[in-house]
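If you count the sequence shown from 1, position 28 lands on 27 in the numbering used here, and the numbers rise without skipping. Note that CB positions come from ideal geometry on N, CA and C, so glycine has one too. Every value quoted in this text rests on a predicted model; they were computed, and no experiment measured them.
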Amino acid sequence: MATTPGEFHRLLPRLAQDMAFVAEEGRVCIGEAGKSVVITTRVLEPRRIAGLVLERCRVELAFSGMDGSEVAAFLARFERVYHKGGG
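Quick look at the structure:
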């Protein structure tokens, strides 16, 4: 993702909505009642294109106890929260 760890963590409350979450450096746990998502992040080298520098993080999501429709709903919310816009 073209983001910084700070920017990623700033948007976590919007992603979690009413679900409890615990954030620590490089790892976030979102979930309740046996259903959870563990998100790990790792800073990557910035992408440089001429004078443009894009900060990047590798983001991995691991789901536990969720069925396919719950995973799909979470991923749709993830995409909405972290969407950067564009043309």
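Following the DSSP letters along the chain, one finds residue 72 inside the alpha helix (DSSP H) bounded by residues 67-81. Counting along the chain, the unbroken alpha helix (DSSP H) around residue 14 starts and ends at 11-15. The three-state reading of DSSP puts residue 64 in coil, since its state is none of H, G, I, E or B. Residue 67 and residue 14 have their alpha carbons spaced roughly 18 angstroms apart.
Apart from sequence neighbours up to five positions away, the residues of its chain that approach residue 0 with a beta-carbon distance below 6 angstroms are 56, 58, ordered along the chain. Residue range 26-31 is occupied by the beta strand (DSSP E) that includes residue 30. For the set 17, 72, 8, the Cα lying nearest the Cα of residue 42 is the one of 8. Within the same chain, and ignoring the five residues on either side of residue 52 in sequence, the residues whose Cβ sits closer than 8 angstroms to its Cβ are 45, 46.
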